[in-house]
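These notes are about the structure you will find just below.
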């Protein structure tokens, strides 16, 4: 079995790994172990945690499930990518973070796979706005097609932008102030299904494919 340790933005992403990603990847011969960073962390803390986990568990890969939303110029590649579109911005940050980690002194495990979410976990829920409305309407009053209108204004869920007022999570909270991302967000993700999320979110799909390609059956 291949083991992959996942450093997560917060408890929602940790639950997403455990409840949505884990069942799929265990069937591929890949065991995912998630750890929450509890949000609000600096790049320095993220880097420290990545290197620590790489060195302490040298038989496993380490990857990340952290948001582009909320990053700043302390992240390698962030400042130089500001004039790029979101996809190329993320590609640049991932590449430079990887170079920074692998260039660290006293690193004894180089099996690091960087992953930055476009723009945050809630973007994945917009893969199926009808499911969002169906489940959130059980406990909240929502106008018909509210989430679909948002989704249809962008090329993909991952393009929904990341300002403090219009990031995916902020849009949901503007409609459903009592939205519980850990409980409701994970239920919605489970109901949408991993395959549907991947079909709607190319960057996330590429990340999943990278992990799948680690499986023993994929190696020569």
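Residue numbers (the working numbering): 2 to 221.
C-beta atoms are modelled at their ideal positions from N, C-alpha and C, and glycine is treated no differently.
8 Å Cβ cutoff met for residue i and residue j
{"i": "residue 23", "j": "residue 215", "result": "no"}
{"i": "residue 190", "j": "residue 125", "result": "yes"}
{"i": "residue 169", "j": "residue 120", "result": "yes"}
{"i": "residue 93", "j": "residue 71", "result": "no"}
{"i": "residue 127", "j": "residue 152", "result": "yes"}
Rounded C-alpha distance that separates residue i from residue j
{"i": "residue 219", "j": "residue 158", "result": "Residue placement at residue 219 is flagged as unreliable, the pLDDT there being 46, under the threshold of 50; the coordinate-derived value follows with that caveat. Answer to the nearest angstrom: the Cα atoms are 29 Å apart."}
{"i": "residue 137", "j": "residue 207", "result": "29 Å"}
{"i": "residue 64", "j": "residue 141", "result": "35 Å"}
{"i": "residue 139", "j": "residue 17", "result": "21 Å"}
{"i": "residue 88", "j": "residue 129", "result": "21 Å"}
{"i": "residue 25", "j": "residue 3", "result": "13 Å"}
{"i": "residue 196", "j": "residue 15", "result": "19 Å"}
Beta-bridge pairing of residue i - partner residues as DSSP gives them
{"i": "residue 34", "result": "6"}
{"i": "residue 114", "result": "64"}
Given residue i as reference, the closest of the options once Cα atoms are compared
{"i": "residue 6", "options": "51, 28 and 13", "result": "51"}
{"i": "residue 12", "options": "194, 39, 173 and 21", "result": "39"}
{"i": "residue 75", "options": "60, 104, 105 and 43", "result": "43"}
{"i": "residue 37", "options": "156, 31, 19 and 27", "result": "19"}
{"i": "residue 107", "options": "96, 59, 165 and 85", "result": "59"}
{"i": "residue 111", "options": "54, 185 and 46", "result": "54"}
Boundaries (first-last residue) of the alpha helix (DSSP H) holding residue i
{"i": "residue 175", "result": "169-176"}
{"i": "residue 44", "result": "44-57"}
{"i": "residue 15", "result": "12-17"}
{"i": "residue 209", "result": "203-213"}
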